[in-house]
Amino acid sequence: MKRLSIKKAALLLLLLSALVLLAGCTTPAESGTSSSQDTAVSNAVTAAPTPTATPETITLPVFSSEELAKYNGQDGNPAYVAVDGKVYDVSDVSVWKNGSHFGKFTAGQDLTEEIKALSPHGLSKLDSVPIVGLYEP
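In the working numbering, each residue's number is its place in the sequence shown (first place is 1) plus 164.
Following this line, the structure appears as structure tokens:
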């Protein structure tokens, strides 16, 4: 019973400490017309550092049908498939073992039509697969 009370007291102390710290982060309103919340938000926005670096541009490789065919999941090669102009790395997907998907589909190809027309899950499974390039036949 005491152990539960000590845990509750420790949690309460932690919450109160957090509230005190948060209260110290706000700034009093500079004018009598705005609320302290508005001023705190305004100060937070103006106090943010101005970014000096520009974001890096990531360039993805472009695969032709001949280049894509090399990534069939055989002989230690990764397994890539193209769908809707994007190339996906399915090497780590268990149902693409050795570049074959249930013996119906083979990696190293554009499978746009097959996935859209025949796959029971459609494109949804590709959301968790890394995109490694673009496909231009």
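C-beta atoms are modelled at their ideal positions from N, C-alpha and C, and glycine is treated no differently.
Asked	Found
Quick one: give me the first and last residue of the alpha helix (DSSP H) that A233 is part of.	229-233
CA-CA distance, P242 and L224?	17 angstroms
By how many angstroms is the C-alpha of L232 removed from the C-alpha of V296?	11 angstroms
Which stretch, first to last residue, makes up the alpha helix (DSSP H) that contains A281?	276-282
Taking only the alpha-carbon atoms, compute the straight-line gap between S258 and S228 and give it to the nearest angstrom.	26 angstroms
Which word fits A246, buried or exposed, when buried means at least 16 other C-beta atoms lie within 10 angstroms of its C-beta?	buried
I279: buried (16+ other C-beta within 10 angstroms of its C-beta) or exposed?	buried
Closest by CA to V293, which one among L177, N236, Y244, P219?	Y244
Within this structure, are the beta carbons of F269 and L275 separated by less than 8 angstroms?	yes
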